[in-house]
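Data first, discussion second: the structure below is written as structure tokens.
Protein chains: 2
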Amino acid sequence: MTTMQEVAKRAGVSKATVSRVLSGKGYVGSAARERVLQAIEESGYRPNLLARQLATQQSQTIGMVITNTLYNGSYFSEMLSHAAQMAENCGRQLLLADGKHSAAQEREAIAFLLDLRCDAIVIYPRFLTPDELDEIVMSHRQPIMVLNRRLRHNVSHCVYTDHHAASASAVSQLIALGHRDIAFITGASGSPTAVERLSGYKEALGQHGIAVDPARIVEGRWTPDSGAQAVALLLARKVAFSALVASNDNMATGAIKQLHDAGIRLPRQVSVIGFDDIPTAPFTVPSLSSVKAPVTEMIKETINKLIFMLDGGDFSARSAFCGQLIVRESVTTGPFYPF
Amino acid sequence: MTTMQEVAKRAGVSKATVSRVLSGKGYVGSAARERVLQAIEESGYRPNLLARQLATQQSQTIGMVITNTLYNGSYFSEMLSHAAQMAENCGRQLLLADGKHSAAQEREAIAFLLDLRCDAIVIYPRFLTPDELDEIVMSHRQPIMVLNRRLRHNVSHCVYTDHHAASASAVSQLIALGHRDIAFITGASGSPTAVERLSGYKEALGQHGIAVDPARIVEGRWTPDSGAQAVALLLARKVAFSALVASNDNMATGAIKQLHDAGIRLPRQVSVIGFDDIPTAPFTVPSLSSVKAPVTEMIKETINKLIFMLDGGDFSARSAFCGQLIVRESVTTGPFYPF
DNA sequence: TTGTATGCGTTATCAC
DNA sequence: GTGATAACGCATACAA
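Respectively, the protein sequence lines represent chains C and Z. Just so you know, we're using numbering that gives the first Met the number 0 here: the first sequence kicks off at 0 and counts up by one. Just so you know, we're using numbering that gives the first Met the number 0 here: the second sequence kicks off at 0 and counts up by one.
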């Protein structure tokens with residue numbers, strides 16, 4: 000690899016001059032500039048970004064922590080693609096780290112990105128508690144944004160959707176359509192998102208004077224298979240339901256398959272609604288409606304906020320970026336089979 | 000940020016000793032080691048990986064070039080997730096760069112990763128020609144792997160699927176099932192993959208003595224919408240077909256919607272088959288079969304090969320990694336609605 | 001077993 | 001305008 004030193008020698012100048020030509024900072028004679036450019040051309044010189052990052056103390060990278068097995072799907076695919084694109088547009092590079100299967104590993108992933116001297120970090124947490132995330136945000140000088148969690152203290156450092164409200168709203172819509180027997184498939188236990196969606200379901204029922212029937216609630220594990228199993232269990236219990244709310248689209252898909260196999264006509268006999276893990280779900284899956292959060296907007300706001308801070312935006316100043324950010328969800332009906 | 004120097008001072012030793020403790024290389028007294036570890040603990044020291052990379056001339060990163068708008072989907076999502084996971088398992092970090100919308104930008108992305116001193120690079124090309132890729136592979140000392148393209152000279156540096164054969168095989172299966180009027184939706188013009196799948200279709204027809212009817216071939220743009228439009232065009236032409244092959248699952252999905260809307264019974268009146276861009280497609284889309292390439296295996300082999308080279312594997316030696324790698328595709332029928 | 005010195009390839013601060 | 005020279009934080013060959 001040819002270095003700046005060699006370019007300097009070839010051009011008959013010093014490293015400093017070469018550096019000035021490349022950065023465009025500082026004065027440099029047009030004659031010298033010409034020779035330097037030619038030397039660069041001839042030698043095929045390429046700057047070593049690692050050295051530059053070390054010298055400038057800026058890596059121009061944004062780190063992102065996501066559990067790898069989780070973002071295997073179009074939800075995170077969309078998130079990643081937008082994040083990477085926006086980062087590049089601002090001259091930054093996106094760095095990925097796997098949160099893996101525990102809080103310890105999630106901590107490790109963050110530490111790793113920090114060791115790499117990322118200028119900022121985005122976390123889509125799975126195991127870390129809001130309290131610990133609050134502490135992490137405060138104990139580092141790098142800007143850190145947390146997705147899908149509501150932080151107590153650093154409200155301006157998190158972006159989340161109100162799963163409770165969205166779920167309640169969806170269930171209310173079903174009730175408005177005349178449904179009273181509404182079954183519910185929850186997400187994996189331990190997931191805050193699952194808890195919120197379930198509580199929204201219960202609240203909506205309560206508000207309309209409908210009793211919550213434990214027999215109509217089944218637990219799934221976010222997967223299509225578990226959604227199918229949940230329906231099998233509901234059918235085995237012989238409880239009636241004219242509508243079914245699954246806590247994500249994956250489970251809704253499995254549920255629909257199982258209902259169909261059981262000879263139940265969709266959406267005539269049972270209406271099914273899911274949540275946003277598969278943006279294209281309402282389009283490809285018959286009889287499915289879905290509550291979708293604008294993932295795109297969410298990640299865009301997040302990256303924008305980070306860039307704003309990195310570029311010296313005064314964080315405590317009065318600004319559009321200083322408030323908290325809550326993304327609203329809404330029910331989407333696909334064009335394939337209307338709900 | 001506390002540096003190694005500060006840790007050394009606190010422990011009453013030199014930087015070198017601290018370095019030895021951290022790396023585990025070289026001798027170090029147990030007394031000194033103890034003091035160093037304590038000093039690290041107390042100061043909350045974290046190594047600067049940038050500095051380490053510069054000093055060791057090894058970044059421990061693998062760069063990956065993909066067109067961002069292209070990998071917005073579960074196909075690339077799966078690829079990325081596995082790549083990132085495998086890289087981490089081998090102590091490496093995955094670095095993403097966007098190939099964007101032209102050959103020049105694809106070249107730029109590669110150069111950027113090289114400037115970052117990636118130890119190796121994976122390219123899923125969109126615009127660069129096999130010939131230029133061949134040259135890129137040869138003109139760099141870093142191991143470079145090319146996905147989904149067949150290189151003339153560096154056969155051991157590429158992994159690809161035989162789209163022609165897979166397409167021919169799928170069409171042959173349809174013919175074996177009794178179909179003779181088979182329509183075809185090609186991918187976007189300019190895509191080598193699209194060309195190969197079309198030629199496979201033509202060959203299969205020819206082998207069974209069926210004439211290729213240009214009226215039964217329509218061009219799409221890989222999107223569901225374009226698939227729907229293609230079907231509309233076919234119907235407008237009033238050509239009969241009992242089977243439809245779409246060059247990817249996205250278009251197949253749109254096609255199915257359009258056929259359904261036109262009152263055509265699926266799969267009774269028309270059988271639809273697509274190709275692998277949506278791994279879950281046969282599961283969620285009714286009446287769809289799909290030709291799937293094992294993306295997971297593909298990327299795993301690729302990363303393994305790279306790691307093998309990085310870890311000093313003799314590239315010209317007799318080894319499982321030295322031959323070329325062709326991934327076989329096969330027709331998959333989803334459990335949702337049998338084909 | 002430990003410390004010293006030098007190198008990695010830049011940037012940035014000075015004098016000149 | 002330009003050129004030494006000192007950081008940047010760590011690794012490592014060599015000396016002690």
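Quick reminder that beta carbons are idealized off the backbone N, C-alpha and C, glycines included.
Inter-residue spacing [alpha-carbon to alpha-carbon] between residue i and residue j
i, j, result
"A31/Z", "K8/Z", "12 angstroms"
"L146/Z", "D248/Z", "20 angstroms"
"L115/Z", "M144/Z", "17 angstroms"
"R317/Z", "F307/Z", "Legend: pLDDT at R317/Z = 38, less than 50; position of this residue unreliable, value from coordinates given subsequently. Their backbone Cα atoms lie some 13 angstroms apart in a straight line."
"T192/C", "H163/C", "8 angstroms"
"D224/C", "A203/C", "27 angstroms"
"V154/Z", "S166/C", "53 angstroms"
"L176/Z", "A169/Z", "11 angstroms"
"S76/C", "T68/C", "12 angstroms"
"T55/C", "L48/C", "10 angstroms"
"A38/Z", "L113/C", "20 angstroms"
"A102/C", "L79/C", "22 angstroms"
"I120/Z", "I302/Z", "10 angstroms"
"M85/Z", "I61/Z", "11 angstroms"
"D130/Z", "V217/Z", "29 angstroms"
"A10/C", "S58/Z", "30 angstroms"
"Q4/Z", "A227/C", "59 angstroms"
"E33/Z", "I109/C", "27 angstroms"
"K291/C", "F274/C", "6 angstroms"
"L234/Z", "S246/Z", "18 angstroms"
"T283/C", "S289/C", "12 angstroms"
"P213/Z", "V194/Z", "15 angstroms"
"T16/C", "L127/C", "49 angstroms"
"E362/Z", "F111/C", "For chain Z, the structure presents residues 0 to 338; residue 362/Z sits outside this window and is missing."
"G205/Z", "S241/Z", "18 angstroms"
"S171/Z", "R267/C", "39 angstroms"
"S29/Z", "Q104/C", "29 angstroms"
"H100/Z", "I122/Z", "15 angstroms"
Contacts of residue i in chain Z (Cβ-Cβ under 8 angstroms)
i, result
"L115/C", "L48, L49, Q92"
"E105/C", "Those do not exist, as E105/C stays about 13 angstroms from chain Z at its closest Cβ, beyond 8 angstroms."
Amino acids of chain C, ordered along the chain, whose beta-carbon sits closer than 9 angstroms to that of residue i
i, result
"R45/Z", "A110, L113, D114"
"T55/Z", "Within chain C, no residue comes near T55/Z; the closest Cβ sits about 10 angstroms away, beyond 9 angstroms."
Contact belief for residue i with residue j at Cβ below 8 angstroms, rounded distance in angstroms
i, j, result
"I298/C", "A96/C", "With a Cβ gap of about 17 angstroms, I298/C and A96/C do not count as contacting."
"I174/Z", "H139/Z", "So it is not a contact: roughly 46 angstroms between Cβ atoms."
"V244/C", "L258/C", "At roughly 13 angstroms, the Cβ-Cβ gap does not stay under 8 angstroms, so V244/C and L258/C are not in contact."
"V64/Z", "G98/Z", "5 angstroms"
"S286/Z", "I263/Z", "The pair is not a contact, with the Cβ atoms about 10 angstroms apart (cut-off 8 angstroms)."
"R196/C", "G186/C", "7 angstroms"
"Y159/C", "R151/C", "Not a contact, Cβ separation roughly 12 angstroms."
"V20/C", "L36/C", "7 angstroms"
"L305/Z", "P124/Z", "Wrong, their Cβ atoms sit about 16 angstroms apart, outside the cutoff."
"V294/Z", "Y74/Z", "6 angstroms"
"L346/C", "D118/C", "Because chain C spans 0 through 338 in this model, residue 346/C falls outside it and cannot be assessed."
"A182/Z", "R220/Z", "In fact, because the Cβ distance is near 17 angstroms, the residues do not count as touching under 8 angstroms."
"L53/C", "L53/Z", "5 angstroms"
Local conformation of residue i per DSSP, three classes
i, result
"F126/Z", "coil"
"L93/Z", "strand"
"K291/C", "strand"
"V12/C", "coil"
"Y159/C", "strand"
"M0/C", "coil"
"L176/Z", "coil"
"A31/C", "helix"
"A210/C", "coil"
"A187/Z", "coil"
Partner residues on chain C for residue i, Cβ-Cβ distance less than 7 angstroms
i, result
"A368/Z", "In the structure displayed, chain Z extends from 0 to 338; residue 368/Z sits before or after that span and is not available."
"V284/Z", "T283"
"E87/Z", "D97"
Residue i: contacting residues in chain Z (beta-carbon distance under 7 angstroms)
i, result
"Q52/C", "L49"
Within chain Z, partners of residue i - CB distance below 9 angstroms
i, result
"S58/C", "L49"
- Item | Contained alpha helix (DSSP H) runs [length at least 4] in the region 213-274 of chain Z, N- to C-terminal order | Within the region 213-274 of chain Z, complete alpha helix (DSSP H) segments of at least 4 residues are found at 223-236, 248-260, given in chain order.
- Task: Give, in chain order, every unbroken run of the alpha helix (DSSP H) that is at least 4 residues long and sits entirely within the region 43-69 of chain C.
- Result: The region 43-69 of chain C contains, as complete alpha helix (DSSP H) runs of 4+ residues, the segments 48-55 (chain order).
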